[in-house]
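Our numbering puts the first residue of the sequence shown at 1, with every later residue one more than the last. To keep things clear, I will list the structure first and then write my remarks on it.
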Amino acid sequence: MTDQGVIEAETMPAVPLCYALVPSPEHDLESHPENAARFDLVEPAMEELPLGVAERLDAGEAPDDAILRVHLSSYLHALEAACLQGPAYVDMAPTYVTQASLGSARRAAGGTLAVVDHVLGGKSRAGFALVRPPGHHATATRAMGFCLLNNIAIAARHAQDSGLQRVMIVDFDVHHGNGTQDIFESDGDVLYVSTHQYGIYPGTGAMSDVGLGAGEGMTVNIPLHPHTGDEAFKRIVHAVILPLGIRFEPDLILMSTGFDAHWRDPLGQLQLTCSGYHMLTRTVAHLASEKCGGRIIAVLEGGYDPEAVRGCVTAVALALAGLPAPPDPLGGGGYLEPDVDPLIERLRQLHGL
Ligand SMILES: [Zn+2]
Numbered sequence: 001m002t003d004q005g006v007i008e009a010e011t012m013p014a015v016p017l018c019y020a021l022v023p024s025p026e027h028d029l030e031s032h033p034e035n036a037a038r039f040d041l042v043e044p045a046m047e048e049l050p051l052g053v054a055e056r057l058d059a060g061e062a063p064d065d066a067i068l069r070v071h072l073s074s075y076l077h078a079l080e081a082a083c084l085q086g087p088a089y090v091d092m093a094p095t096y097v098t099q100a101s102l103g104s105a106r107r108a109a110g111g112t113l114a115v116v117d118h119v120l121g122g123k124s125r126a127g128f129a130l131v132r133p134p135g136h137h138a139t140a141t142r143a144m145g146f147c148l149l150n151n152i153a154i155a156a157r158h159a160q161d162s163g164l165q166r167v168m169i170v171d172f173d174v175h176h177g178n179g180t181q182d183i184f185e186s187d188g189d190v191l192y193v194s195t196h197q198y199g200i201y202p203g204t205g206a207m208s209d210v211g212l213g214a215g216e217g218m219t220v221n222i223p224l225h226p227h228t229g230d231e232a233f234k235r236i237v238h239a240v241i242l243p244l245g246i247r248f249e250p251d252l253i254l255m256s257t258g259f260d261a262h263w264r265d266p267l268g269q270l271q272l273t274c275s276g277y278h279m280l281t282r283t284v285a286h287l288a289s290e291k292c293g294g295r296i297i298a299v300l301e302g303g304y305d306p307e308a309v310r311g312c313v314t315a316v317a318l319a320l321a322g323l324p325a326p327p328d329p330l331g332g333g334g335y336l337e338p339d340v341d342p343l344i345e346r347l348r349q350l351h352g353l
């Protein structure tokens, strides 16, 4: 073995995947789709992974300075006041809070930061933040779409504060991550790429939104027709998302991973499968291996069918750990997929690919 080989062997993380699990049972509204029960099968899924694949991290609350890199202090105070009066609705989605919700949101962001620190410290190649409440609809100034603090935006800013410059965020939730787009749309160092079903909540995410000022070209929206599934996603990832990532040369890749693009999800009409999520994650992880030392972190967003969440958590965790896809426990949706060639052509023209 060469000297170089010895160094690589010594610095190779012993456990490929680290994760934080923040199920937030105290942030709950039984009749609401974003309730605590949607996480019931997440912990069993992680515990059933093969031995030595994943290491669970302890997670505390995100500190104020990390949160305030993304959110205004006036918003944090308003959220605190709303929670004190909870249970209450704070947004039309509707987004709810309980008296404990600010603590839940701080721990969701804190869990995400713990994963970032572990991966940036070289202790794991990949990370998975299994946290709720989710984050990608929350803007700097308001709660939206079941989201209170924007976990992935806080993670991106924390990574930059830790010395990385360029962060690529790939958002596979069925909904457009309006909050994440809003936070980074003028930032030339954060590439935000979102696939989402067009025409549903929150109504944003038009292909023509490409970023502003220094961030022009750094927002890439990929709006999809209902029934778009594994085959179309595979074509889009290879024809659009990988070339974007190769051109951008990120120092870190973050994935807003919503399992509500699964065919069983009650809130969306896309038809990804668990195997499809594995394929997407493997492909983006390969990009991370090529461009940023394998550093990739998935952050859970939506996903409202517990069985689909369970199957997708397993699939994404194995993909992040570099392992093959397990048999898909739920199969496919069965609808014919729409033709995405015209969409791909327009995206390639719009973004000069
Ligand atoms: Zn969603």
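All residues carry an ideal CB built from backbone N, CA and C; glycine is no exception.
The region 298 to 315 and the region 118 to 136 touch, with no fewer than 3 CB-CB distances between them shorter than 8 angstroms. Those residues that bring their Cβ nearer than 6 angstroms to a heavy atom of ligand 1 are 173, 174, 175, 258, 260, 301, 302.
With contact defined as three or more Cβ pairs closer than 8 angstroms, the region 311 to 328 and the region 274 to 283 are in contact. For residue 57, the closest alpha carbon among the candidates 118, 145, 122 is that of 118. Pairing residue 281 with residue 261 gives a Cβ-Cβ distance that is not under 8 angstroms.
Short of 6 angstroms from the beta carbon of residue 184, and not among the five residues preceding or following it, lie these beta carbons of its own chain, in chain order: 190, 192. Distance from the Cα of residue 18 is smallest, within the candidate group 229, 244, 112, 351, for 112. In this structure, the straight-line span from the alpha carbon of residue 166 to that of residue 319 is close to 23 angstroms. Looking at the backbone, the Cα of residue 279 and that of residue 81 are separated by about 43 angstroms. Taking C-beta atoms as the reference points, residue 172 and residue 255 count as a pair closer than 8 angstroms. Put simply, the region 57 to 70 touches the region 146 to 162. At least three CB pairs are less than 8 angstroms apart.
Distance from residue 24 to residue 37 at the Cβ level is roughly 12 angstroms; contact not present, criterion being Cβ atoms closer than 8 angstroms.
Segment contact: the region 243 to 251 against the region 197 to 211, fewer than three CB-CB distances shorter than 8 angstroms; contact not assigned.
Across the set 44, 329, 48, 125, the C-alpha of 125 shows the shortest separation from the C-alpha of residue 253.
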